[in-house]
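Have a look at the structure below, then the notes.
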Amino acid sequence: MLNLRVNYPSVPREMDVFQEYCKNITPSAVSGLLHPSYQSLDASGKAVVFNWLHAAGEQSDLISLPSGNNALYCILTYFRSITEHIAIEPTTFPGFKMSATNMNYQFHVIAADEEGMLPEALAEHLKTGKSKLIYLQPTIHNPTTNVMSLARRQAIAEVVRTFEDVYILEDDAYRFLHPSPPPSFLTIFPERTMHIHSMSKPFNPMLRSAYLAAPKGLLKGIENLVQLTSSGTSQLFTDFSIYLMKGELLKGIIHEKQQAAQALQEKVQQIFKGLSYKTFPTSFHIWLKADPTIPDQLKEQGIDIPSGADFSMTNNAEHIRVALGMSWDQEALLPGLNTIATTFK
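Rendered as structure tokens:
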């Protein structure tokens, strides 16, 4: 089965980098890495993360977690006693949708365009006093690949600023694939932004390390939720992720992934010529307009693609997300993409 469902782009040298790092761990450090730490991030580690995120850090707390999904789950759990409402775009990350649904959150779908959520539509909704959380994926959105311009981000920030105790939850999972992304909400609006950064996509899904930056004092005690839901973080993975963010290795790996995506997108452009789809030049996923029956048809031909309904907040199943991250270097990929294109003819 050709897996076009999951989107974790990996390159071969990631394991070499990790093995080389482990070889250089001193014997005196080994014992500490095998035990849970009281505090996985010290001041110097936090400074490295904020520098990597292009954020000042003075207005933000930083929490270490094992994954971006764990960060989303813990935030949703924390906020459930504060609000039961979430402002969200018409299409979104299924994992967030599933977690929030299981906690009985009420979704309020805010109109969007090619850049994402519309500030004026958000303002009208916030006047109702319902939502205290706004979930956004502003850079290479999953699944649409939309990218919010700096002007749009600033406009949304200005809207949020006028409403008390309203916060942006910025899930920037695919930011690393943008060669020159606009500043994040964490950079331009830290006092109202919870920003999630996971290492699983920029480096590798085996690296169970993520970071949550949040306005100072907002999420008091959330570390207890992290501990309860995941048994905490791995000091080995935390130290390794700090090592990656300090040097040039991770930048090089990210550039390699961007180049791989760009080369692949050029082939996609030829194969999907004449089809209606959206993508980004360095993205590993494509948002393809398709009949709702297409995923079932493709599964019979050995290709696994999720239904567009998984991503939709409005029961719209007229697209499919073709994710190339797990299979971008497999021989079966291009024939599989040709099979998809043929299905539309």
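Our numbering numbers the first residue of the sequence shown as 3 and each following residue consecutively. Think of the CB as a built atom: it goes at the ideal place given N, C-alpha and C, for glycine as much as any other residue. Small disclaimer: the values here were computed from a predicted structure and weren't measured.
Rounding to the nearest angstrom, what Cα-Cα distance links residue i and residue j in this structure?
{"i": "Pro11", "j": "Ala263", "result": "9 Å"}
{"i": "Lys269", "j": "Gln61", "result": "44 Å"}
{"i": "Phe346", "j": "Asn104", "result": "35 Å"}
{"i": "Pro121", "j": "Lys134", "result": "15 Å"}
{"i": "Asp80", "j": "Thr195", "result": "A quick correction: the sequence has Tyr, not Asp, at residue 80. Roughly 15 Å between the two C-alpha positions."}
{"i": "Leu251", "j": "Leu4", "result": "30 Å"}
{"i": "Met247", "j": "Gln299", "result": "43 Å"}
{"i": "Ala175", "j": "Gly327", "result": "13 Å"}
{"i": "Ala216", "j": "Lys275", "result": "43 Å"}
{"i": "Ser243", "j": "Phe286", "result": "23 Å"}
{"i": "Leu339", "j": "Val13", "result": "21 Å"}
{"i": "Ser83", "j": "Gln21", "result": "44 Å"}
{"i": "Met150", "j": "Gln139", "result": "9 Å"}
{"i": "Ile158", "j": "Met208", "result": "35 Å"}
{"i": "Ile90", "j": "Asn9", "result": "22 Å"}
{"i": "Tyr23", "j": "Tyr245", "result": "9 Å"}
{"i": "Ala114", "j": "Pro92", "result": "7 Å"}
{"i": "Ser314", "j": "Ile305", "result": "21 Å"}
{"i": "Leu128", "j": "Ala319", "result": "28 Å"}
Taking residue i as the reference, give the member of the options with the closest Cα.
{"i": "Ser236", "options": "Glu122, His257, Leu67", "result": "Leu67"}
{"i": "His321", "options": "Ile224, Ser200, Thr281", "result": "Thr281"}
{"i": "Asn317", "options": "Pro294, Ala102, Ala58, Arg155", "result": "Pro294"}
{"i": "Pro192", "options": "Ser314, Ala57, His180, Met208", "result": "Ala57"}
{"i": "Leu290", "options": "Phe98, Ser30, Gly310, Thr130", "result": "Gly310"}
{"i": "Asp312", "options": "Ser329, Gly223, Thr146, Ile255", "result": "Thr146"}
{"i": "Ile27", "options": "Glu166, Gly47, Leu238", "result": "Leu238"}
{"i": "Ser232", "options": "Gly70, Gly219, Ile256", "result": "Gly70"}
{"i": "Tyr279", "options": "Ile256, Arg323, Leu64", "result": "Arg323"}
{"i": "His110", "options": "Val8, Pro337, Phe95, Ile136", "result": "Ile136"}
{"i": "Phe165", "options": "Val32, Ile190, Leu124", "result": "Leu124"}
{"i": "Glu225", "options": "Ile77, Gly34, Val50", "result": "Ile77"}
{"i": "Leu220", "options": "Lys253, Val168, Gln229", "result": "Val168"}
{"i": "Val19", "options": "Gln271, Ala292, Lys253", "result": "Lys253"}
Going by other Cβ atoms of all chains shown within 10 Å of its Cβ, with 16 needed for buried, is residue i buried or exposed?
{"i": "Val161", "result": "buried"}
{"i": "Pro204", "result": "buried"}
{"i": "Gln260", "result": "buried"}
{"i": "Leu36", "result": "exposed"}
{"i": "Met119", "result": "buried"}
{"i": "Glu172", "result": "buried"}
{"i": "Thr130", "result": "exposed"}
{"i": "Gly223", "result": "exposed"}
{"i": "Asn106", "result": "exposed"}
{"i": "Gly47", "result": "buried"}
{"i": "Leu55", "result": "buried"}
{"i": "Ala31", "result": "exposed"}
{"i": "Ser33", "result": "exposed"}
{"i": "Leu227", "result": "buried"}
Do residue i and residue j have their C-beta atoms closer together than 7 Å?
{"i": "Gln303", "j": "Thr344", "result": "no"}
{"i": "Ala73", "j": "Ile198", "result": "yes"}
{"i": "Arg177", "j": "Thr141", "result": "yes"}
{"i": "Thr240", "j": "Ser211", "result": "yes"}
{"i": "Asn206", "j": "Glu16", "result": "yes"}
{"i": "Ala325", "j": "Leu6", "result": "yes"}
{"i": "Leu214", "j": "Ile88", "result": "no"}
{"i": "Ser101", "j": "Tyr75", "result": "yes"}
{"i": "Glu117", "j": "Arg155", "result": "no"}
{"i": "Leu179", "j": "Thr284", "result": "yes"}
{"i": "Leu152", "j": "Pro181", "result": "no"}
{"i": "Glu86", "j": "Gln108", "result": "yes"}
{"i": "Leu266", "j": "Trp330", "result": "yes"}
{"i": "Lys218", "j": "Asp63", "result": "yes"}
{"i": "Phe98", "j": "Asn144", "result": "no"}
{"i": "Ile288", "j": "Pro297", "result": "no"}
The beta strand (DSSP E) with residue i in it runs from where to where?
{"i": "Tyr62", "result": "Reading the sequence as shown, one finds Ser at residue 62 and not Tyr. Taken as a continuous stretch (DSSP letters only), the beta strand (DSSP E) holding Ser62 covers 62-67."}
{"i": "Ala291", "result": "The sequence shown places Lys at residue 291, not Ala. Unbroken beta strand (DSSP E) run through Lys291: 287-291."}
{"i": "Ala396", "result": "Because the chain here runs from 3 to 347, residue 396 falls outside it and cannot be looked at."}
{"i": "Ile84", "result": "Premise fails: Ile84 is in no beta strand (DSSP E) and is neither H nor E."}
{"i": "Thr195", "result": "195-200"}
{"i": "Phe178", "result": "First-last for Phe178: undefined, no H or E at that position."}
Tell me which residue opens and which closes the alpha helix (DSSP H) that residue i is part of.
{"i": "Asp241", "result": "237-248"}
{"i": "Arg155", "result": "152-163"}
{"i": "Asp298", "result": "296-301"}
{"i": "Pro121", "result": "121-128"}
{"i": "Val270", "result": "251-273"}
{"i": "Leu227", "result": "224-232"}
{"i": "Gln108", "result": "Gln108 -> not in any alpha helix (DSSP H); beta strand (DSSP E) instead, spanning 108-111."}
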